[in-house]
Amino acid sequence: MQITFLGTSSGVPTRSRNVSSIALRLPQRAETWLFDCGEGTQHQILRSDVKISQITRIFVTHMHGDHIYGLMGLLASCGLAGNPTRIDVYGPPHLNEYLRACGRYSQTHFSYPVKVHTVQPGVVFEDEEFTVSCSPLTHRVPAFGYRVSEKDKAGRFDVEQATALGIPSGPLYGKLKRGEVITLADGRKINGADLCGETQIGRKFVYCTDTIFCENSVELAQDADVLVHEATFAHQDAELAYQRLHSTSTMAAQVALAAGAKKLIMTHFSPRYAPGNAIALTDLLSEAQAIFPHTTMAHDFFTYDIPRRQAETLAAV
Numbered sequence: 002m003q004i005t006f007l008g009t010s011s012g013v014p015t016r017s018r019n020v021s022s023i024a025l026r027l028p029q030r031a032e033t034w035l036f037d038c039g040e041g042t043q044h045q046i047l048r049s050d051v052k053i054s055q056i057t058r059i060f061v062t063h064m065h066g067d068h069i070y071g072l073m074g075l076l077a078s079c080g081l082a083g084n085p086t087r088i089d090v091y092g093p094p095h096l097n098e099y100l101r102a103c104g105r106y107s108q109t110h111f112s113y114p115v116k117v118h119t120v121q122p123g124v125v126f127e128d129e130e131f132t133v134s135c136s137p138l139t140h141r142v143p144a145f146g147y148r149v150s151e152k153d154k155a156g157r158f159d160v161e162q163a164t165a166l167g168i169p170s171g172p173l174y175g176k177l178k179r180g181e182v183i184t185l186a187d188g189r190k191i192n193g194a195d196l197c198g199e200t201q202i203g204r205k206f207v208y209c210t211d212t213i214f215c216e217n218s219v220e221l222a223q224d225a226d227v228l229v230h231e232a233t234f235a236h237q238d239a240e241l242a243y244q245r246l247h248s249t250s251t252m253a254a255q256v257a258l259a260a261g262a263k264k265l266i267m268t269h270f271s272p273r274y275a276p277g278n279a280i281a282l283t284d285l286l287s288e289a290q291a292i293f294p295h296t297t298m299a300h301d302f303f304t305y306d307i308p309r310r311q312a313e314t315l316a317a318v
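Sequential numbering from 2 applies to the sequence shown in our numbering.
Okay, here's the thing in structure tokens:
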């Protein structure tokens, strides 16, 4: 699991930062899932290692333009980039209506199926590897945060030990790999857990924007391996944050701390903190790290590999 930031500015693009979009790359299944799709996202994709032909799912947080204005153009281009069999789009009410209107007035017709899912709090997608859930945030329009949870995987099955125990290969191996207890013909009971290595703990990625500090963010981010949270304003501009229902750097850090997240990556920065201004983005980073030391500040094309817990444990030893 790898995340690439395609846009990290709030409201409008700047010379160095485009508006919101994140790509979650899943190389084991040759898929990419997008989270938000602001204007110019497909141009950012062309400048990155993300392959537009691998996009299969797009999750939209809310209907503000800096999060959706690039969606229609991207969907139109996807049909020309590799003829996908289907793209599923998830988002708040009126997203389907918006896309239909764009298609109607621009005379755009997709060459492949596009399925729009109106999300409700709870699970919005699940398969054998992942569960994606969402929760409402606190913003000026309906907005949702998303949590991607990879399911735990059984450890490596020890074929050599199974052979030494005289266990015949075939269906019994499948049961043992799943950690089940089997009974052999001679009456011996074998616990599959004894033949498998340490369980691989599934990774957890959480994306919260746009929102002011809220308990739903904390709940959604519980024990996340990485929390990506908006930090539109500096702590000094907290009044603006309350007026516009956006987060400060300190609010983002408080969410990460309260949720027990392993890492916080801040994004969605106001252009007011451009170089040369009284408050710089480095000030926002210092504010957040004072509360939650494991904080990083995203920039466009910043890529982060989400580590497995086992790898972290071994590294610490």
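Beta carbons: idealized from backbone N, C-alpha and C, even for Gly. Bear in mind that the values here come from a model prediction, so they are computed numbers and not experimental data.
For residue i, collect the residues of the same chain with a Cβ closer than 8 Å to its Cβ; drop the 5 residues on either side in sequence, then sort them by chain order.
{"i": "Arg87", "result": "Thr57, Tyr113, Pro114, Val115 and Lys116"}
{"i": "Thr15", "result": "Pro272 and Ala275"}
{"i": "Val51", "result": "Thr5, Leu7, Ala24, Arg26 and Thr33"}
May I ask you to list the residues that DSSP assigns as paired with residue i?
{"i": "Met298", "result": "Met267"}
{"i": "Thr304", "result": "Thr5"}
{"i": "Ile69", "result": "Paired residue(s): none; Ile69 is not in a bridge."}
{"i": "Gly175", "result": "Answer is none; Gly175 lacks a bridge partner."}
Using alpha carbons as the reference points, say which of the options lies closest to residue i.
{"i": "Leu96", "options": "Ala232, Glu129 and Met73", "result": "Met73"}
{"i": "Ala239", "options": "Met252, Glu231 and Leu138", "result": "Met252"}
{"i": "Ala242", "options": "Gly156, Ile213, Lys264 and Ala259", "result": "Ile213"}
{"i": "Thr297", "options": "Tyr99, Arg273, Thr33 and Lys263", "result": "Lys263"}
{"i": "Ala144", "options": "Gln29, Ile307, Val229 and Val120", "result": "Val120"}
{"i": "Ala279", "options": "Asp89, Ser170, Gln45 and Gln237", "result": "Gln237"}
{"i": "Ser150", "options": "Leu285, Asp195, Leu258 and Phe126", "result": "Phe126"}
{"i": "Gln255", "options": "Gly277, Pro294 and Thr283", "result": "Pro294"}
{"i": "Arg245", "options": "Gly167, Ser107, Ile307 and His140", "result": "His140"}
With C-beta atoms as the reference, is residue i less than 8 Å away from residue j?
{"i": "Asp211", "j": "His63", "result": "yes"}
{"i": "Ala289", "j": "Ala232", "result": "yes"}
{"i": "Met2", "j": "Leu35", "result": "no"}
{"i": "Ser136", "j": "Leu25", "result": "no"}
{"i": "Cys79", "j": "Ile46", "result": "no"}
{"i": "Leu138", "j": "Asn217", "result": "yes"}
{"i": "Val207", "j": "Leu173", "result": "no"}
{"i": "Leu75", "j": "Thr33", "result": "no"}
{"i": "Asp159", "j": "Leu100", "result": "no"}
{"i": "Ala155", "j": "Lys190", "result": "no"}
{"i": "Leu258", "j": "Ile292", "result": "yes"}
Keeping to the same chain, check which residues put their C-beta closer than 7 Å to that of residue i; ignore five residues upstream and five downstream.
{"i": "Ser21", "result": "Gly8, Asp37, Gly39, Asp67, His68, Thr210 and His269"}
{"i": "Arg309", "result": "Gln201, Ile202 and Arg204"}
{"i": "Ala299", "result": "Phe6, Thr9, Ile266, Met267 and Thr268"}
{"i": "Phe234", "result": "Leu241, Ala242, His247, Thr249 and Ser271"}
{"i": "Lys176", "result": "Ile183 and Gly193"}
{"i": "Gln55", "result": "Ala31, Glu32 and Thr33"}
{"i": "Glu130", "result": "Glu151 and Lys152"}
Enumerate in chain order the residues of its own chain whose CB-to-CB distance from residue i is below 6 Å, with the five nearest sequence positions on each side excluded.
{"i": "Gly92", "result": "Val61"}
{"i": "Ser17", "result": "none"}
{"i": "Val90", "result": "Ile59 and Val117"}
Three or more C-beta pairs below 8 Å linking the segment 201–217 and the segment 178–187:
Contact between the segment 201–217 and the segment 178–187 is absent, because fewer than three Cβ pairs lie under 8 Å.
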